[in-house]
Amino acid sequence: MNKLSVRSLLRSEMLLFMTILFLIEFVRGAALISFLPIYGDKKLGLNLDVIGAAITAHYATDTALKLGIGYLLDRLSVRTVVSVGALCSLLGMAAMQFADAAWAFIGAAALYGIGISPIWIVCLTKVKEDQRATQMGFLYTIWLVGLGSGPVVINLLLDYDLGLTYWVMTGVSLVAWLLSLMIKGGRSVHIDVVPFRHQLSILGKRLREMKLLLPGMVLQTLGAGMLLPILPGFAVNSLGMTASHYSLLLMIGGVCTVVGLIPMGKLSDAYGKKWFLIVGFLAFGIVLSALTLHPPLGLALFWAFILGVSYAAVLPAWNALLAAYVPPGQQGLGWGVFSTVEGIGGMIGPLIGGLIATRFSESSVISLAGGLFVVISLFYVFFPFRLFRGESSYVEKGQH
């Protein structure tokens, strides 16, 4: 059954979607984790608060458009929505060449953020109801290979030639846009056509049902977002790493996440999501706090391994839990709403992280984010998982 669930994701149409997703996330990961912080600091001489504001602008446009893109996917051609989004990403990246002022830097990042949502939401709508965590684990593998390989490759190029780095990222964005033009013209997201107000009322009911999950949705992305503007600087200034060491750190964490996603997805399908979330977030908080003690390179790489495994435990479980609340027939709109709620934390996190790092230090941001993840873990210890649809099948299994 598991082989069939994965094989269903490998149809030619889905392969095209996943290739576009990989390329867009390759550039996105490179831009947010390496290019924007390093280019803004070294090339433009911008402060961390400006860099944080640019990353926040990226997430702001991404988050603001998720609801609208979900609505459009329920009504328009997938090719139209995805290709227009990919074109915006291309234009935003191309504009970086002229971003020699803070406002231009922030504006280009905002334009780039427009193109992220469509392809990701399309891929989410392709996931089957049964074996959700297993298929999401596979999908997240593709996503994370792109997101993780981008900063690793670009970090090495940044040491060699900043101009070449820019053109590689622009070229990959161009290929993603060209591939998006190959998507079939018909509407491939199957939905029931109902009035938009009725769809919103359905989603409002689902949000009320899962209101206890909403704080976690925001805090999780807030903690992660705070780290984005300061990670490269923290690795160099506090951990004494070179660009190659930082790339190795990212590679270890990314590989461990990718390798662990599908097994963790299967385990969370079988045993429920609760302890995967508790242990995963707790490990995140402990490891981030440990990094502020300025560990030697070997120990820092080991902590990267633990972070990767923890991330693999959290991602499939969390998203499978959310998937239970997407109304049948409104997948595009449903994932758009939930992604928008999650995106609130990612939107304000980089700005907060940049401001704290500018006023205090990069280590203080790491400490605060670590404490936040520990609080989230404790929150899930007392969370009533059995009240939620995402755990209903597991509870029923246990009862029989």
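Per my numbering, the sequence shown starts with residue 6, numbered consecutively.
The beta carbon of each residue, even a glycine, is placed where N, CA and C say it ideally should be.
Please read all numbers here as calculations on a predicted model, not as lab measurements.
P220, buried or exposed, once every other Cβ within 10 Å from all chains shown has been counted against 16:
One-based indexing of the sequence shown puts residue 220 at position 215. With fewer than 16 Cβ atoms within 10 Å of its Cβ, P220 is classed as exposed.
How long is the line joining the alpha carbons of D46 and A322, rounded to whole angstroms?
On the sequence shown, residue 46 is found 41 positions in, with the first residue counted as 1. On the sequence shown, residue 322 is found 317 positions in, with the first residue counted as 1. For the pair D46 and A322, the Cα-to-Cα distance works out to about 37 angstroms.
Can you grab the Cα-Cα spacing for the pair M187 / F22, in whole Å?
Residue mapping note: residue 187 aligns to position 182 of the sequence shown, counting from 1. Residue mapping note: residue 22 aligns to position 17 of the sequence shown, counting from 1. Distance between M187 and F22, taken at the CA atoms: about 10 angstroms.
Residue environment, H63, which counts as buried when at least 16 other CB atoms sit within 10 Å
Counting from one through the sequence shown, the residue named residue 63 turns up at place 58. With 16 or more Cβ atoms within 10 Å of its Cβ, H63 is classed as buried.
G52 in three-state terms, based on DSSP
Here residue 52 refers to the residue found at position 47 of the sequence shown. Checking the sequence shown, residue 52 turns out to be Asn, not Gly. Taken through DSSP and simplified to helix, strand or coil, N52 comes out as coil.
Please confirm whether G230 and G34 have their CB atoms less than 8 angstroms apart.
Your numbering for residue 230 matches position 225 in the sequence shown. Your numbering for residue 34 matches position 29 in the sequence shown. No.
N- and C-terminal bounds of the alpha helix (DSSP H) containing P301:
Position 296 of the sequence shown, counting from 1, holds the residue named residue 301. Neither: P301 is in no alpha helix (DSSP H) and is coded neither H nor E.
L21 (DSSP reduced to helix, strand or coil)
Within the sequence shown, the letter at position 16 stands for residue 21. Residue state, collapsed to three classes: helix.
With respect to the alpha helix (DSSP H) encompassing L236, which residues constitute its N-terminal and C-terminal limits?
Here the question's residue 236 lines up with position 231 in the sequence shown. First-last of the alpha helix (DSSP H) with L236: 236-242.
Excluding sequence positions up to five away, which residues of its chain have a Cβ less than 8 angstroms from the Cβ of G376?
Indexing the sequence shown from 1 puts residue 376 at position 371. Excluding sequence positions up to five before and after G376, its CB lies within less than 8 angstroms of the CB of G290, S294, all in the same chain and listed in chain order.
Any idea what DSSP makes of A106, helix, strand or coil?
Here residue 106 refers to the residue found at position 101 when the sequence shown is read from its first residue. Looking at A106 - three-state DSSP - the assignment turns out to be coil, as it is neither helix nor strand.
Cβ neighbour criterion (16 or more within 10 Å) applied to A275
In the sequence shown, counting from the first residue as 1, residue 275 sits at position 270. Classification of A275: exposed, given that the 10 Å Cβ count is below 16.
Can you give the Cα-Cα distance for M98 and F27, rounded to whole angstroms?
Mapped onto the sequence shown, residue 98 falls at position 93. Mapped onto the sequence shown, residue 27 falls at position 22. The alpha-carbon separation between M98 and F27 amounts to approximately 16 angstroms.
Segment contact flag, the stretch 36-52 with the stretch 86-94, C-beta cutoff 8 angstroms, min 3 pairs
No, the stretch 36-52 does not touch the stretch 86-94.
Boundaries (first-last residue) of the alpha helix (DSSP H) holding L92
Here the question's residue 92 lines up with position 87 in the sequence shown. First-last of the alpha helix (DSSP H) with L92: 83-100.
Whole angstroms is fine: what's the gap from I311's alpha carbon to P301's?
What you label residue 311 is simply residue 306 of the sequence shown in a count that begins at 1. What you label residue 301 is simply residue 296 of the sequence shown in a count that begins at 1. The straight-line gap from Cα to Cα measures roughly 16 angstroms.
Taking the Cβ atom as the reference point for each residue, do V223 and I349 lie within a distance shorter than 8 angstroms?
To locate residue 223, count along the sequence shown from 1; it is residue 218. To locate residue 349, count along the sequence shown from 1; it is residue 344. Note that the C-beta distance between V223 and I349 is below 8 angstroms.
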